[in-house]
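Comments concern the structure below.
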Amino acid sequence: MDNWVIQELDSLEIGDVRLEKRVKILLSTLSHSPGESIPVSCRKWSETKAAYRCFSNDKVSSDKIMAPHKEKIIERTRQFKRALVLQDTTELNYSGQKQKQGVGPRRHEAERDLFIHPQLVISDSGLCLGVYDDYQWFRKELKTQKQSRKEITNDSLHKKHISEKETGRWIEGYNKSTELAKCCPDTQIIPVSDREGNIYDLFECAEKTNGVKADWLVRMKSVKRATLNISGARDKLLLNERVMQIPSQQTVEFMLPGGREQSSRKVRQGLRLARLTLHRPTGRRGKLRCSPVTVTVLLAKEINPPNNVQPLTWWLMCSIPPEKLTEPAQLIQWYLLRWQIEVFFKILKSGCQVEKLQLETFERTRNCLALYLIIAWRILYISSLYKVAPEESGDLIFDRKEWGYLWILVENTPPPEKIPNIRDSVLLLARLGGYLARKNDSAPGPKAIWSGLMRLMLSINAIEIAKNTYG
């Protein structure tokens with residue numbers, strides 16, 4: 001059993017010592033070959049059967065598995081003055097598994113998807129601290145245009161409270177962030193979300209929360225919002241018109257990550273910051289609901305974009321007053337870190353291959369996913385350590401035996417007596433995973449790290465077996 005597993009799950013409580021040991025063994029085993037199936041990772045029928053029985057046991061639950069990990073997140077978060085909670089939703093596609101329970105349609109009836117909405121905690125410098133929550137659900141049916149007008153009216157979404165809708169997960173995520181804030185009173189907790197999290201009910205929920213609570217930062221979906229003037233009456237100017245009247249207060253430069261349709265490029269934006277009060281939204285027949293909410297709005301618009309490229313424009317909104325910000329660019333720096341959750345999803349789906357899990361029920365799948373969420377966090381943790389704390393000792397990642405074998409496998413020479421720093425340790429691990437480490441290469445990505453970890457652990461197991469067999 002790996003040392004990091006023992007440390008991360010040291011307070012695991014399931015109510016059965018054997019099950020607690022089995023969960024730790026499974027986390028260690030699956031982390032050695034995250035992209036492989038459970039039978040391949042376990043290698044023996046007896047171990048595979050024990051894994052399936054563990055996931056099926058009524059005493060085992062994803063909440064119990066994640067509980068010690070959450071405790072460690074709180075410990076790590078308390079070491080920082082500020083932490084971001086990244087929220088987003090992704091779907092796991094199990095369309096090829098017709099017998100699988102606990103999945104449902106996404107856009108078509110034939111699809112069999114499970115939705116997961118994790119809360120990924122990172123420091124404001126970018127160090128990944130863990131997965132604080134993993135809200136999961138599936139759709140039992142797909143609302144289609146084939147329904148009669150009466151059926152649509154009786155089941156209309158506008159009549160439901162937001163807690164009954166899928167969008168309620170964003171408010172639940174904010175409540176989890178506030179729970180974390182109460183556990184870490186000396187740390188500022190800021191949930192960060194993309195445009196899907198731009199929900200007025202969330203802003204009002206935060207405004208009405210008393211005592212220690214989380215702040216929030218969201219990218220705006222609609223900028224043509226009504227606002228209130230100083231007297232409390234509706235302003236003649238909309239939000240975007242009001243902000244555009246403010247002169248640019250600062251410029252910021254950063255590298256925009258590449259995507260499917262564009263390569264990474266350097267971006268320079270001008271920033272405009274304003275404190276405004278939003279007008280309450282109206283429901284059907286113009287009925288006012290909710291309460292006015294005062295927010296900070298940031299307009300970030302690209303200056304001199306490349307030819308034939310639309311200027312990169314972001315409208316961000318947060319609960320933090322301008323006087324509590326060091327500078328407007330802070331909001332851009334925090335929002336750029338939101339990309340980490342996209343990297344996390346890539347590790348979970350491409351690195352851990354969780355969409356290939358063949359577990360029949362929703363609860364079994366959830367229990368297994370809890371282990372893979374922790375594994376995906378560790379891979380991202382190692383990747384972020386390389387960027388955030390390169391000069392720290394490599395023993396934050398490896399024990400002496402793992403480091404020694406890693407050095408021998410890559411350098412083919414006896415290892416030095418002292419474990420080098422994190423930068424050199426992660427570079428060795430990435431080289432084992434296919435990273436070339438050329439002079440102008442960028443930092444190793446998570447794929448090289450998870451490939452290196454898998455090769456390292458498989459090599460260690462093979463060497464240990466050979467030693468025990470042949471001496």
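Residue 1 is where the sequence shown starts when you use the UniProt record's numbering, and the numbers rise one by one after that.
For every residue, glycine included, the Cβ atom is placed at its ideal position computed from N, Cα and C.
- Shown here for residue 100: same chain residues with a beta carbon closer than 7 Å to its own, the five before and five after excluded, namely 94, 112 and 360 in chain order.
- DSSP, reduced to helix, strand and coil, places residue 435 outside both helices and strands of the structure shown, so it counts as coil.
- With a threshold of 16 other beta carbon atoms within 10 Å, residue 230 falls short and is exposed.
- Here residue 248 carries a coil assignment [DSSP, helix/strand/coil].
- If the five residues before and after residue 425 are omitted, its C-beta is found closer than 8 Å to the C-beta atoms of 394, 397, 398, 403, 406 and 419, all from its own chain and listed in chain order.
- By the neighbour-count definition (other C-beta atoms within 10 Å, threshold 16), residue 201 is a buried residue.
- Per DSSP, the beta bridge partners of residue 302 are 269.
- Between residue 456 and residue 432, the alpha-carbon positions lie close to 8 Å from each other.
- Relative to the Cα of residue 2, the nearest Cα in the group 173, 164 and 32 belongs to 32.
- By the neighbour-count criterion, in which a residue is buried when 16 or more other Cβ atoms sit within 10 angstroms of its Cβ, residue 227 is buried.
- Taking a contact to require three or more Cβ pairs closer than 8 Å, the segment 344-355 and the segment 363-379 qualify as touching.
- In the structure shown, residue 381 adopts helical secondary structure according to DSSP, grouped into three states.
- Per the coordinates, the alpha-carbon of residue 337 lies some 33 Å from the alpha-carbon of residue 289.
- By DSSP's assignment, residue 351 forms no beta bridge with any residue.
- Secondary structure at residue 75: helix, using DSSP grouped into helix, strand and coil.
- Taking each of 15, 4 and 429 in turn and checking the Cα distance to residue 25, the smallest one comes out for 4.
- Per the coordinates, the alpha-carbon of residue 9 lies some 22 Å from the alpha-carbon of residue 461.
- In the same chain as residue 388, and ignoring 5 residues on each side of it, the C-beta atoms closer than 6 Å to its own belong to 125, 126 and 127, in chain order.
- Cβ contact annotation for residue 59 (same chain, cutoff 8 Å, sequence separation greater than five): 14, 15, 16 and 19, in chain order.
- The C-alpha of residue 213 is placed about 37 Å away from the C-alpha of residue 56.
- Below 8 Å, too few C-beta pairs join the segment 37-49 and the segment 75-90 to call them touching: fewer than three.
- Within its own chain, the residues whose Cβ lies closer than 6 Å to the Cβ of residue 207, once the five positions on either side in sequence are excluded, are 293, listed in chain order.
- DSSP places residue 104 within a strand segment (E or B) once states are collapsed to three.
- The continuous beta strand (DSSP E) containing residue 313 extends over residues 313-318.
- The residue among 109, 114 and 96 with its C-alpha nearest the C-alpha of residue 103 is 114.
- In this chain, the beta strand (DSSP E) harbouring residue 117 covers 113-123.
- Under the DSSP assignment, residue 193 falls in the beta strand (DSSP E) whose first and last residues are 188-193.
- In the three-state DSSP reduction, residue 367 falls in the helix class (H, G or I).
- Residue 298 counts as buried, since at least 16 other C-beta atoms from the protein chains shown sit within 10 angstroms of its C-beta.
- Rounded to the nearest whole angstrom, the C-alpha separation of residue 323 and residue 210 is 21 Å.
- In this structure the segment 271-285 touches the segment 235-246; the number of beta carbon pairs closer than 8 Å is three or more.
- Measuring C-alpha to C-alpha distances from residue 248 to each of 225, 218 and 303 identifies 303 as the nearest.
- In this chain, the beta strand (DSSP E) harbouring residue 235 covers 234-238.
- Counting only residues of its own chain and dropping the five nearest sequence neighbours on each side, residue 38 has a CB closer than 7 Å to the CB of 48 and 51.
- In the three-state reduction of the DSSP assignment, residue 333 falls in the helix class.
- Excluding five sequence positions before and after residue 140, the CB atoms of its chain that fall closer than 6 Å to its own CB belong to 104, given in chain order.
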